[in-house]
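Letter by letter, the sequence shown follows residues 3 to 285 of the numbering used here.
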Amino acid sequence: MHNVLSIQSAVAYGHAGNSSATFPLQRAGVNVYPVYTVTFSNHTGYGSWRGPMIAASDVADVITGIDERGALATVDAVLAGYLGSADVGQVVLDAAALVKSRNPEALFLADPVMGDVGRGFFARPGIPEFFRDHVVPAADIMTPNLFELHYLVGHETTTLAEVADAARELRDRGPGIVVVTSVVASDAQDDLLRMLAVDADQAWLVETPMLDRHFVGSGDLTAATFLAHLLRTGDLGKTLGATASVVYSILEQTAISGEAELQLVAAQEQIVNPVNEFTAHRL
Ligand code: PLP
Ligand code: MG
């Protein structure tokens, strides 16, 4: 069994951050040590929410406590997402470095949660810059959506080839694997949603039907699912296909339910046995 140290937001109502990642990881057979960066009533997409950001020193303290149990040596991957404040970003980098000192094989997947197409930036000032300047060089895997990819590389993309080139550009600045979780391109059919993954030698693309609505928390579900499959298979193409199959199947069940929030519990069978199966192809 694999163990993941997951440093993300918590929401009481609904699913975002660790509240979107922890259960899907567990259902996929991965053990999770969740550490919270904020504990909010609900995700910020509602426009109002309550509850505290956790002080960076408190987040660091929780991680120190895990280390005092000797448990960081058992961590196979650090998963980080919604930071709350830029100071927590430094705590995440310190945690990733400490985990690697305890287990040199451990991976660091950083989801650069900062914004989305249509919504713009939702992360607090300083966080996008922190991801770009400090997290990119330290991460092994990054999972930007298209909006985040454009910010991180500093330019827009139009065609599919340009998106793939931008993913390689980001990879050249640090992370060995870059997954673009929402690819829109002028030269590709616009009723399909694409994810693209690049590593040092390969680029993979997977396509799913487009669902006509937005789902908050889907990026966090995608990063967690990708990590679970990569840890298990070590195969980028298989991992991308499996991720698309699980995430699309959960989103489809959510759309059918008519509920606003991801149906992670009601549709949990999709995490292990998705009704839709998509295969990634080499680009
Ligand atoms: N965590 C919190 C508290 C949020 O409000 C959001 C987005 O609004 C996220 C995480 C990231 O969500 P997504 O998975 O849609 O990128
Ligand atoms: Mg996201």
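C-beta atoms are modelled at their ideal positions from N, C-alpha and C, and glycine is treated no differently.
Alpha-carbon to alpha-carbon, residue j and residue i
| i | j | result |
| --- | --- | --- |
| Val-138 | Arg-173 | 9 Å |
| Val-208 | Tyr-84 | 25 Å |
| Gly-19 | Leu-100 | 22 Å |
| Asp-96 | Thr-224 | 24 Å |
| Glu-279 | Gly-86 | 35 Å |
| Ala-202 | Ala-141 | 14 Å |
| Val-37 | Asp-193 | 37 Å |
| Ser-184 | Trp-206 | 13 Å |
| Ser-103 | Ile-65 | 14 Å |
| Ala-190 | Phe-217 | 22 Å |
| Pro-106 | Ala-75 | 9 Å |
| Arg-52 | Met-3 | 36 Å |
| Ala-30 | Ser-22 | 13 Å |
| Asp-222 | Val-165 | 21 Å |
| Ile-273 | His-157 | 35 Å |
| Ser-188 | Ala-282 | 20 Å |
Bridge partners - residue i, DSSP secondary structure assignment
| i | result |
| --- | --- |
| Ile-179 | Ile-143 |
| His-6 | Sequence inspection shows Val at residue 6; the His mentioned does not correspond to that position. BP columns for Val-6 point to Val-34 and Ala-79. |
| Phe-110 | Val-80 |
| Asp-118 | Gly-122 |
| Leu-162 | Answer is none; Leu-162 lacks a bridge partner. |
| Met-55 | Val-40 |
| Met-197 | Val-208 |
| His-283 | Leu-207 |
| Val-186 | For Val-186, which the question treats as bridged, DSSP gives no partner whatsoever. |
| Val-13 | Phe-42 |
Cβ-Cβ distance between residue i and residue j below 8 Å
| i | j | result |
| --- | --- | --- |
| Arg-284 | Ala-257 | no |
| Thr-41 | Pro-26 | no |
| Glu-171 | Val-186 | no |
| Thr-161 | Val-90 | no |
| Val-93 | Leu-7 | no |
| Val-32 | Ala-230 | yes |
| Val-119 | Ala-169 | no |
| Pro-130 | Phe-124 | no |
| Tyr-15 | Ser-50 | no |
| Ala-246 | Met-197 | yes |
| Leu-232 | Thr-210 | no |
| Thr-288 | Val-249 | The question about residue 288 has no answer here: the residues shown for the chain are numbered 3 through 285. |
8 Å contact criterion, which residue i and residue j should meet: CB distance rounded
| i | j | result |
| --- | --- | --- |
| Leu-109 | Ala-79 | 4 Å |
| Ala-73 | Tyr-48 | With a Cβ gap of about 35 Å, Ala-73 and Tyr-48 do not count as contacting. |
| Gly-1 | Ala-88 | Given a span of 3 to 285 for the chain in the structure shown, any question on residue 1 remains unanswerable. |
| Gly-219 | His-45 | 6 Å |
| Glu-263 | His-17 | 6 Å |
Distance cut-off 7 Å: residue i Cβ against heavy atoms of ligand 3
| i | result |
| --- | --- |
| Asn-147 | Of the ligands one can find in the structure shown, namely ligand 1 and ligand 2, none is ligand 3. |
*Is the number of C-beta pairs between the segment 167-182 and the segment 248-263 that are closer than 8 Å three or more?*
By the Cβ rule, the segment 167-182 does not count as touching the segment 248-263, because fewer than three pairs are nearer than 8 Å.
*asked:* Measuring CB atoms only, is the segment 102-114 touching the segment 131-151, in the sense that at least three cross pairs come out at less than 8 Å?
replied: Contact holds: three or more Cβ-Cβ distances are below 8 Å.
*Determine, using beta-carbon pairs with one atom in the segment 260-269 and one in the segment 232-248, whether at least three such pairs fall under 8 Å.*
By the Cβ criterion, the segment 260-269 is not in contact with the segment 232-248, since fewer than three pairs of Cβ atoms, one from each stretch, lie closer than 8 Å.
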